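Visitor: So that we are looking at the same thing, I have put the structure below in structure tokens.
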Amino acid sequence: MSAHIRAIRALEILDSRGTPTLRVFVSLDDGTLGTSSVPSGASTGENEAVELRDGDAKRYGGKGVRKAIAHVNETIAPRLVGLDPTEQSRIDRLMIELDATANKAKLGANAMLGVSQAVARAAAQACRLPLYQYLGGAGARRLPVPQMNVLNGGKHADSSLDFQEFMLMPVGAPNFAEALRYGSETFQALKRLLHERGLSTLVGDEGGFAPALASNEEACQLIVTAIERAGYRPGEQIAIALDPAATSFFEKDRYRLTRSRQGEKTSDQMIELYRKWVDTYPIVSLEDGLAENDWKGFQALTAELGGRIQIVGDDNLVTNPIYIRRGIEEKTCNAALIKLNQIGTVSETIDAIQLCRKAGWRYVISHRSGETEDAFMADFAVAMSGGQIKTGSLCRSERIAKYNRLLEIEAELGPAALFGA
Ligand code: PGA
Ligand code: ZN
124 MSAHIRAIRA LEILDSRGTP TLRVFVSLDD GTLGTSSVPS GASTGENEAV ELRDGDAKRY
184 GGKGVRKAIA HVNETIAPRL VGLDPTEQSR IDRLMIELDA TANKAKLGAN AMLGVSQAVA
244 RAAAQACRLP LYQYLGGAGA RRLPVPQMNV LNGGKHADSS LDFQEFMLMP VGAPNFAEAL
304 RYGSETFQAL KRLLHERGLS TLVGDEGGFA PALASNEEAC QLIVTAIERA GYRPGEQIAI
364 ALDPAATSFF EKDRYRLTRS RQGEKTSDQM IELYRKWVDT YPIVSLEDGL AENDWKGFQA
424 LTAELGGRIQ IVGDDNLVTN PIYIRRGIEE KTCNAALIKL NQIGTVSETI DAIQLCRKAG
484 WRYVISHRSG ETEDAFMADF AVAMSGGQIK TGSLCRSERI AKYNRLLEIE AELGPAALFG
544 A
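Each step along the sequence shown adds one to the number in the working numbering, with nothing skipped, and position 215 is 338.
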């Protein structure tokens, strides 16, 4: 391409929790400007790439990102200026070399991902292509089925739920726009249901309700009732996906369901609980049902339920080819959650997805609980053609931004658009 990178700079902005993050601006010598912002997780896997924070207690409780900003402006930018922005993997590799650590601890995965995504945006614009087509090619036309997180617990809300996410999955919708409508109507039905029962309709970090329920299982019951009340058939039109994020309640060899006062469970007892739930409720996907280091448990879980539902690895696989390869070999899961900031560059994220494809695994492109108005991951999901996305509830603009972008893409593709896995 004729345009080259003229300048790169980063700005400290706030995410949806009011915590600092980065926005990166990449300008090309033809006048093109690409920008992108970086999300941030709360229930993170221990092997995720490092999110660099200042640790200066006088600013934002130590959570400022001025060091990462300086790394973009002073270390990364001088190395990348003059390069062709379409050389994504070369640019990502140069940043990896500059960082020279196994987990991006020196420059920060937040600094690197901001640059990586903004470079892709600038290149797409310079090529006059929508981002999904630039990243995915002319064949990128599959809209994802959303996993919509309507009840929040765990580290995302002060609710009584130990399990972090109870999600709607409109598996029977004919297209993305209808899937969104199914989800939104069910979310509103759930709101009325909670209101009738005198329960709170305040929302958690990802926009799902966070009521004081008697048990984790009650959340599944409520969702089934809400689906029916909204006029849909549970299982057939709208199914349930779960992300207990079990690492967050695993301590000293036991799963401790403290918030809901349901006692302690061994790995086997958790598997038994999930089996009963899968028998009872229309659950089609289970992410992080066990803790990140419980590889044996995951193996048993996949052996028990992997033939019936999608077993997704998030905290244990951290979008990292090293752990995904191990997961494939050991039959730990049959699907991976894909979060760009867990690994830190666009190219490495694509490598992780290639591994999944080769193994016949499904993959779900995911947001983080701390998000911005940037909808990069919506385009990325269409580009990667995996047919699934996880991007939160049916309210809060940082979640809706992704859904709205998917609506735009579906409209743009018109009759060429495909939907679902
Ligand atoms: P996080 O949670 O973004 O707070 O890490 C999301 C998830 O566990 O899937
Ligand atoms: Zn998760």
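Built from N, CA and C at the ideal position, the CB exists for glycine as well. Keep in mind that this is a model prediction, so the values were computed, not measured.
With burial defined as no fewer than 16 other Cβ atoms inside 10 Å of the residue's Cβ, what is the status of residue 445: buried or exposed?
Guide: Result: exposed.
Visitor: Starting from residue 499, trace the alpha helix (DSSP H) in both directions and tell me its first and last residue.
Guide: It spans 499-507 - the alpha helix (DSSP H) in which residue 499 sits, taken as one unbroken run.
Visitor: Is the beta carbon of residue 240 closer than 8 Å to that of residue 139?
Guide: Against a cut-off of 8 Å, the Cβ pair of residue 240 and residue 139 comes out as no contact.
Visitor: Would you check if there are 3 or more beta carbon pairs closer than 8 Å linking the stretch 475-489 to the stretch 285-292?
Guide: The stretch 475-489 vs the stretch 285-292: no contact.
Visitor: If you draw a straight line from the alpha carbon of residue 405 to that of residue 132, how long is it in whole angstroms?
Guide: So the two alpha carbons sit approximately 47 Å from each other.
Visitor: Pull the bridge partners of residue 435 from the DSSP assignment, please.
Guide: Answer is 410, 458.
Visitor: Applying the 10 Å Cβ sphere with the 16-neighbour rule, what's the burial state of residue 254?
Guide: Result: buried.
Visitor: Closer than 6 Å by C-beta to residue 246: which residues in its own chain qualify, once you throw out the five before and the five after it? Chain order, please.
Guide: Once the five neighbours on either side are set aside, the close Cβ partners of residue 246 are 208, 209.
Visitor: Give me the residue from 441, 485, 259 with the minimum Cα distance to residue 166.
Guide: If we check each option's Cα against that of residue 166, 441 comes out closest.
Visitor: Nearest-angstrom Cα distance between residue 277 and residue 194?
Guide: Rounded to the nearest angstrom, the two C-alpha atoms are 33 Å apart.
Visitor: Start and end of the alpha helix (DSSP H) containing residue 140?
Guide: Looking at the DSSP string, residue 140 is not in any alpha helix (DSSP H), and its letter there is neither H nor E.
Visitor: Residue 144: which of 401, 234, 431, 333 sits nearest, CA to CA?
Guide: With distances taken between Cα atoms, residue 144 lies closest to 234.
Visitor: Could you tell me the distance, in whole angstroms, from the CA atom of residue 295 to the CA atom of residue 541?
Guide: Answer to the nearest angstrom: the Cα atoms are 14 Å apart.
Visitor: Following a CB-centred definition, is residue 474 positioned closer than 7 Å to any heavy atom of ligand 1?
Guide: Checking the Cβ of residue 474 against ligand 1 gives no.
Visitor: Do three or more CB pairs link the stretch 371-384 to the stretch 343-357 at distances below 8 Å?
Guide: With the cut-off at 8 Å, the stretch 371-384 and the stretch 343-357 do not touch.
Visitor: Where in the stretch 241-276 do unbroken runs of the alpha helix (DSSP H), each at least 4 residues long, occur, reported from the N-terminal end onward?
Guide: Those alpha helix (DSSP H) runs which fall completely within the stretch 241-276 and span 4+ residues are 254-259.
Visitor: Considering only residues of the same chain and omitting the five flanking positions on each side of residue 401, which have a CB-CB separation below 7 Å?
Guide: Around residue 401: 428, 431, 432.
Visitor: In the DSSP assignment, the alpha helix (DSSP H) including residue 218 goes from what residue to what residue?
Guide: 211-222 is the extent of the alpha helix (DSSP H) around residue 218.
Visitor: Going by alpha carbons, who is nearest to residue 293 out of 168, 190, 361?
Guide: Ranking the options by Cα distance to residue 293, first place goes to 361.
Visitor: In chain order, which continuous runs of the alpha helix (DSSP H) of length 4 or greater are located wholly inside the stretch 131-210?
Guide: For the stretch 131-210, whole alpha helix (DSSP H) runs of length 4 or above, ordered along the chain, are 189-193, 200-203.
Visitor: DSSP on residue 357, reduced to helix/strand/coil?
Guide: Residue state, collapsed to three classes: strand.
Visitor: Could you check whether residue 173 and residue 231 sit closer than 8 Å to each other, using their CB atoms as the reference points?
Guide: Yes, Cβ-Cβ distance for residue 231 and residue 173 is below 8 Å.
Visitor: Given a cut-off of 8 Å, decide if residue 484 and residue 457 are closer than it, judged by their beta-carbon atoms.
Guide: Contact: yes.
Visitor: Would you identify the three-state DSSP class for residue 533, choosing helix, strand or coil?
Guide: Helix, per DSSP.
Visitor: Measure from the alpha carbon of residue 438 to the alpha carbon of each residue in 489, 503, 302, then state which is nearest.
Guide: Ranking the options by Cα distance to residue 438, first place goes to 489.
Visitor: Quick one: grab the DSSP three-state call for residue 366.
Guide: Here residue 366 sits in strand by DSSP.
Visitor: Go through the stretch 314-360 residue by residue and report every complete run of the alpha helix (DSSP H) that reaches 4 residues or more, in order.
Guide: The qualifying runs are 339-352.
Visitor: For ligand 1, is there any heavy atom lying closer than 7 Å to the beta carbon of residue 437?
Guide: Residue 437 Cβ: within cutoff of ligand 1.
Visitor: So, does the stretch 216-226 touch the stretch 252-272, judging by three or more C-beta pairs under 8 Å?
Guide: The stretch 216-226 vs the stretch 252-272: no contact.
Visitor: With three or more beta-carbon pairs closer than 8 Å as the criterion, would you say the stretch 491-499 touches the stretch 516-526?
Guide: With a cut-off of 8 Å, the stretch 516-526 and the stretch 491-499 count as touching, because enough Cβ pairs lie within range.
Visitor: Sort 164, 200, 284, 517 by Cα distance to residue 462 and report the nearest one.
Guide: Considering only alpha carbons, the answer is 164.
Visitor: Of the choices 219, 507, 390, 136, whose alpha-carbon is the least far from that of residue 189?
Guide: Of the listed residues, the one whose Cα sits closest to residue 189 is 136.
Visitor: What's the C-alpha gap between residue 415 and residue 179?
Guide: Cα to Cα, the separation comes out at about 30 Å.
Visitor: Since residue 511 sits in a beta bridge, which residues does DSSP pair it with?
Guide: Per DSSP, 268.
Visitor: By Cβ distance below 8 Å, which residues in the same chain neighbour residue 96 in space, the five residues on each side in sequence not counted?
Guide: What the structure shows of the chain is the stretch from 124 to 544, and residue 96 is not part of that stretch, so it cannot be assessed.
Visitor: Determine the burial state of residue 328: buried for a count of at least 16 other Cβ atoms within 10 Å of its Cβ, exposed for fewer.
Guide: Burial call: buried.
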